[in-house]
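Okay, so here's the structure we're looking at.
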Amino acid sequence: MILFTQRLKHKIPYLPRYYSSSTQDKENLGQNLKRDYLNFEKKFTQNLDLEYLSPRELTIHNAHALAISKGHYTYDDPETGLRVMSRMIHFYRARCCGNACRHCIYNFENAPDELKMGKRFNTSFWTD
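Going by the numbering used here, the residue at position 75 of the sequence shown is 737; the numbering climbs one at a time, nothing skipped.
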């Protein structure tokens, strides 16, 4: 189940956590996670509004979209060359790492306030 929460003026997906200890669930976990991620990504892309993105942000968005389409967990930032984690790896981690990542899908719930300050969600990812 994917819920959406209102933050600023854009919808940001919120994922409820779920855990199970049954053997059957453990066997199907990989398939279920992939299915859940594909559903999440479909909902996420329905809420994209590329008009809000600057040319620089659109380049980043396209690099991320290419990585996602190839099933990659990371991609190289087109501007800096640094490795960036995709929404896919954040989804599979099932928690916020606390680093205020560009593609965080958990609204920086574990990030310190000083990292959250000045961040803006542009319908695709978080920007400074």
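For every residue, glycine included, the Cβ atom is placed at its ideal position computed from N, Cα and C. Owing to the predicted nature of the structure, the values given are computational and were not obtained by experimental measurement.
Among residues of its own chain, excluding the 5 on either side of residue i, which ones have a beta-carbon nearer than 6 Å to its beta-carbon?
i	result
D739	V746
A729	Y737 and S748
C759	none
What does a CB cutoff of less than 8 Å around residue i pick up in its chain, not counting 5 residues either side in sequence?
i	result
N761	A773 and L777
H765	H726, V746, M747, S748, R749, H752, F787 and W788
Would you kindly work out how many angstroms separate the C-alpha atoms of residue i and residue j, rounded to a whole number?
i	j	result
H752	H726	13 Å
D698	S748	16 Å
L712	E719	9 Å
L700	N769	20 Å
E621	A756	Any question about residue 621 goes unanswered here, given that the chain covers just 663 to 790.
S786	Y754	18 Å
N784	K696	25 Å
K781	H723	16 Å
T742	S716	17 Å
L691	F702	16 Å
N694	K704	15 Å
F744	D775	This sequence places Leu at residue 744; Phe is not what is there. Taking the straight line from one Cα to the other gives about 24 Å.
M653	K732	Here the chain covers residues 663 to 790 and nothing more, so residue 653 does not appear.
Taking residue i as part of the alpha helix (DSSP H), name the residues at either end of that continuous run.
i	result
D775	D775 to K778
R718	P717 to S731
Return the chain-ordered list of same chain residues with a C-beta closer than 7 Å to the C-beta of residue i, the five sequence neighbours on each side being excluded.
i	result
T721	P740
Starting from residue i and walking both ways along the beta strand (DSSP E), at which residues does that stretch end?
i	result
R757	Taken as a continuous stretch (DSSP letters only), R757 belongs to no beta strand (DSSP E), as it is neither H nor E.
T736	T736 to D738
R764	Run containing R764: none; DSSP gives neither H nor E here.
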